[in-house]
Amino acid sequence: MENAEVEILVVDDSMDDANLTIRSLKKNNVVNHLFHVKDGAEALDFIFAKGIYSSRANATKPKLILLDLKMPKINGIEVLEKIKANAETRTIPVVILTSSQEDPDIQKCYKLGANSYITKPVDFEGFSKAIKEVGFYWMVLNRSNISV
Amino acid sequence: MLFKDLPIQKKLMGVIILISGIVLLVTCTSFFAYEVFTFRQTTTRQLSTLGEIIAANSTAALAFDDQDNANEILAALKAEQHITAASIYDQQGKLFSQYPATISAGEFSSTPGKDGYRFENSYLIGFQPVMQGDKRLGTLYLKSDMNAMYERLQLYSCITILVIIVSFLLAYTLSRIFQKRISQPILALAETAQAISERQDYSVRATKVSNDELGSLTDAFNQMLVQIQKQNLEIVSFNQQLEQKVMERTNELEVSNKELESFTYSVSHDLRAPLRAVHSYSKILEEDYIEKLDDEGKQTIKVILRNSKKMGELIDDLLAFSRLGRKEVNSKDIHMDSLVRGVTNEFLSSTSENNNNVEMKIQTMPAASGDQALIKQVWVNLVSNAFKYSSKREKTVIEIGSYPKGDQNVYYVKDNGVGFDMQYYDKLFGVFQRLHSQEDFEGTGVGLAITQRIVQKHHGEIWAESKLNAGATFYFSLQAIR
Numbered sequence: 003m004e005n006a007e008v009e010i011l012v013v014d015d016s017m018d019d020a021n022l023t024i025r026s027l028k029k030n031n032v033v034n035h036l037f038h039v040k041d042g043a044e045a046l047d048f049i050f051a052k053g054i055y056s057s058r059a060n061a062t063k064p065k066l067i068l069l070d071l072k073m074p075k076i077n078g079i080e081v082l083e084k085i086k087a088n089a090e091t092r093t094i095p096v097v098i099l100t101s102s103q104e105d106p107d108i109q110k111c112y113k114l115g116a117n118s119y120i121t122k123p124v125d126f127e128g129f130s131k132a133i134k135e136v137g138f139y140w141m142v143l144n145r146s147n148i149s150v
Numbered sequence: 394m395l396f397k398d399l400p401i402q403k404k405l406m407g408v409i410i411l412i413s414g415i416v417l418l419v420t421c422t423s424f425f426a427y428e429v430f431t432f433r434q435t436t437t438r439q440l441s442t443l444g445e446i447i448a449a450n451s452t453a454a455l456a457f458d459d460q461d462n463a464n465e466i467l468a469a470l471k472a473e474q475h476i477t478a479a480s481i482y483d484q485q486g487k488l489f490s491q492y493p494a495t496i497s498a499g500e501f502s503s504t505p506g507k508d509g510y511r512f513e514n515s516y517l518i519g520f521q522p523v524m525q526g527d528k529r530l531g532t533l534y535l536k537s538d539m540n541a542m543y544e545r546l547q548l549y550s551c552i553t554i555l556v557i558i559v560s561f562l563l564a565y566t567l568s569r570i571f572q573k574r575i576s577q578p579i580l581a582l583a584e585t586a587q588a589i590s591e592r593q594d595y596s597v598r599a600t601k602v603s604n605d606e607l608g609s610l611t612d613a614f615n616q617m618l619v620q621i622q623k624q625n626l627e628i629v630s631f632n633q634q635l636e637q638k639v640m641e642r643t644n645e646l647e648v649s650n651k652e653l654e655s656f657t658y659s660v661s662h663d664l665r666a667p668l669r670a671v672h673s674y675s676k677i678l679e680e681d682y683i684e685k686l687d688d689e690g691k692q693t694i695k696v697i698l699r700n701s702k703k704m705g706e707l708i709d710d711l712l713a714f715s716r717l718g719r720k721e722v723n724s725k726d727i728h729m730d731s732l733v734r735g736v737t738n739e740f741l742s743s744t745s746e747n748n749n750n751v752e753m754k755i756q757t758m759p760a761a762s763g764d765q766a767l768i769k770q771v772w773v774n775l776v777s778n779a780f781k782y783s784s785k786r787e788k789t790v791i792e793i794g795s796y797p798k799g800d801q802n803v804y805y806v807k808d809n810g811v812g813f814d815m816q817y818y819d820k821l822f823g824v825f826q827r828l829h830s831q832e833d834f835e836g837t838g839v840g841l842a843i844t845q846r847i848v849q850k851h852h853g854e855i856w857a858e859s860k861l862n863a864g865a866t867f868y869f870s871l872q873a874i875r
């Protein structure tokens, strides 16, 4: 995966879940360029070109961020907050992809400006279908503001 | 107003005046009677004395048959104005002389009466024998009116009445002053009691003024107040203790609840993730490596997939059940008709593949009071069960209706499915309890438990009737809207 041109950023601390997500996206030919970060800190570094990702300073921003909520160090809510607080990154669509279907979480995410909230289904068919649809919607159907 | 309800002061005064009155009356009457008696005696004596004197003076007239002399003697009676008549009878009892000369002889009886003085009608009369030595010459008759007595008695009456009036006034005034001695302490005590009872201030004490029964009453009253105060303090202290306990228990409960909520959240999130991995990777195995497996391997994978999916459903149902416990019931008026039809229409459209023969009979139903979302869940569960357990029939017949029961409405769903054995009725609403196998009819066994919870939260009842292979009817009651 090239660091420079990343279309979808997958933020998830579970390798298993991330692999499933990536597999579904690839299998359905949604995109070619994905990147996976394992926690919130790395996600912010990546998006804002800090730390080990300082080389990304001039790279285009990802077209879609799939964000898990429960992560160590910095959790998804904080990442969401920071993304939506910055003018440059505010327009990147963020889809919350998490196991939690608790109402307070959903409320908080929408309040912070999440574009969508998906609960990860337990069964694989459901999961891969959801990923496929999400990917297709945001990458193909939806008109983004990022000019290629 | 009855005497017993008069105020004490009036009672005391009344009694005093009454007694004074009675005493006065008795005294005056006695005096009066005594006066009448003595007056009569005196008058009689006076008359008899007069009679004797006149009789003695008349002997000569009678003896010498001198009528003029007799008339003269009798005429002297003019001096005594109360003598209304007098006469002298001779030895033969014939009228000899009369006084006054003017009145008719018919006034006098033809013959003298018995000797002696007596009262006849309202006159005092007397027959006095005229004696000369031992020889009776004749009889003297005197008649006196009682006017003197009457005048005297009149005077006495006036005096008596005056005395009575003055005495009454005196009795009234004095009783007014002196009854205060008795009634004042009583009134004071009554006032204190009333004030205490009105203001609910039990620290006030009544003042003891005397050592009589009233004093004892005051003491007893004050003692009661002491008791009341003490008991009040005890009650207040108990209340405080109780409030403290309640607060502690509430806090404990809140902590418990919070623990439960975080547990639920944990289950919701943490159990799902590995389960997803198990299911998904097994699926990947199936998709990508199925050719490398023999028949048994293929079966094994299917079992793994089926069970992990099932576990996901169980977790979801369990979470729904627990979430229900915390949910608050938001009661409003529910249009049962439209709600039920909405639910059944959803079912009919979603099971269109099996819609060969479905007959739905829905009565018009009255509205009820409840939480719209929760009651919808109830209908969804009951209707889905009706469909599910009738799916093996050639024709599914489902009947939905209601009837009133007291101030509640009972709603029912009747199907013609496989029914259940009433022997196992108490397992019907148990959590994860099933009366059929997964192969016959799939399900986690939590639907009815959730439904029962919802109905109970609405203070309603839920029950069912069934005969094996003859369908089942499920009833639930809700507060009606009148």
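One line per chain: the protein sequences are A and E, in this order.
If you use this note's numbering, the first sequence corresponds to residues 3 to 150, in order.
If you use this note's numbering, the second sequence corresponds to residues 394 to 875, in order.
Where a beta carbon is used, it is the ideal one built from N, C-alpha and C, also for glycine.
Spatially closest choice to residue i from the options, by CA coordinates
i	options	result
residue 617 (chain E)	E:586, E:521, E:438, E:632	E:586
residue 602 (chain E)	E:621, E:620, E:588, E:580	E:580
residue 665 (chain E)	E:676, E:652, E:702	E:702
residue 862 (chain E)	E:808, E:716, E:698	E:808
residue 85 (chain A)	A:56, A:104, A:43, A:107	A:43
residue 667 (chain E)	A:33, A:20, A:77, A:8	A:20
residue 727 (chain E)	E:706, E:710, E:766	E:766
residue 29 (chain A)	A:62, A:14, A:135, A:47	A:135
residue 822 (chain E)	E:762, E:849, E:801	E:849
residue 736 (chain E)	E:607, E:435, E:771	E:771
residue 406 (chain E)	E:394, E:480, E:496, E:565	E:565
residue 499 (chain E)	E:488, E:509, E:507, E:733	E:488
residue 785 (chain E)	E:832, E:589, E:762	E:832
residue 610 (chain E)	E:578, E:461, E:648, E:806	E:578
residue 475 (chain E)	E:543, E:782, E:495	E:543
residue 482 (chain E)	E:637, E:639, E:615, E:464	E:464
With 16 other Cβ atoms within 10 Å as the buried cut-off, status of residue i
i	result
residue 613 (chain E)	exposed
residue 146 (chain A)	exposed
residue 4 (chain A)	Confidence in residue 4 (chain A) is poor, its pLDDT being 44 and thus under 50, which makes the residue's placement unreliable; the coordinate value appears in the next sentence. By the 10 Å Cβ count, residue 4 (chain A) comes out exposed.
residue 79 (chain A)	buried
residue 505 (chain E)	buried
residue 65 (chain A)	buried
residue 107 (chain A)	buried
residue 111 (chain A)	buried
residue 852 (chain E)	exposed
residue 798 (chain E)	exposed
residue 842 (chain E)	buried
residue 2 (chain A)	Outside the displayed span of chain A (3 to 150) sits residue 2 (chain A), for which this structure offers no information.
residue 778 (chain E)	buried
residue 536 (chain E)	buried
residue 426 (chain E)	exposed
Counterpart residues of residue i in DSSP-defined beta bridges
i	result
residue 119 (chain A)	A:98
residue 856 (chain E)	E:868
residue 801 (chain E)	E:798, E:872
residue 516 (chain E)	E:513, E:538
residue 531 (chain E)	E:523
residue 46 (chain A)	Answer is none; residue 46 (chain A) lacks a bridge partner.
residue 492 (chain E)	E:479
residue 742 (chain E)	DSSP, once it has assigned bridges, lists no residue as partnering residue 742 (chain E).
Contact check, residue i vs residue j, beta carbons under 9 Å
i	j	result
residue 775 (chain E)	residue 844 (chain E)	yes
residue 492 (chain E)	residue 467 (chain E)	yes
residue 546 (chain E)	residue 429 (chain E)	yes
residue 13 (chain A)	residue 67 (chain A)	yes
residue 871 (chain E)	residue 804 (chain E)	yes
residue 63 (chain A)	residue 76 (chain A)	no
residue 673 (chain E)	residue 697 (chain E)	no
residue 41 (chain A)	residue 15 (chain A)	yes
residue 716 (chain E)	residue 643 (chain E)	no
residue 714 (chain E)	residue 846 (chain E)	yes
Short CB-CB distance (under 9 Å) between residue i and chain B
i	result
residue 126 (chain A)	Within the model displayed, chain B is absent; protein chains A and E are what it includes.
Taking contact to mean 3 or more Cβ pairs, one atom from each stretch, closer than 8 Å, check whether the segment 748 to 757 of chain E and the segment 784 to 791 of chain E are in contact. Enough Cβ pairs lie closer than 8 Å, so yes.
Evaluate contact between the segment 115 to 126 of chain A and the segment 89 to 106 of chain A, counting only Cβ atoms and requiring at least three cross-stretch pairs below 8 Å. Below 8 Å, enough C-beta pairs join the segment 115 to 126 of chain A and the segment 89 to 106 of chain A to call them touching: three or more.
Between the segment 452 to 463 of chain E and the segment 519 to 539 of chain E, do at least 3 Cβ pairs fall closer than 8 Å? Flag = yes, the segment 452 to 463 of chain E and the segment 519 to 539 of chain E touch.
When the Cβ atoms of the segment 703 to 721 of chain E are set against those of the segment 649 to 665 of chain E, are three or more pairs found closer than 8 Å? The answer is yes - the segment 649 to 665 of chain E touches the segment 703 to 721 of chain E, with three or more Cβ pairs under 8 Å.
On the three-pair Cβ rule with 8 Å, is the segment 509 to 516 of chain E touching the segment 558 to 572 of chain E? Touching, no, given that fewer than three Cβ pairs across the two stretches are closer than 8 Å.
Any 3 or more C-beta pairs closer than 8 Å across the segment 676 to 692 of chain E and the segment 624 to 641 of chain E: Contact annotation: the segment 676 to 692 of chain E does not touch the segment 624 to 641 of chain E, with fewer than three C-beta pairs closer than 8 Å.
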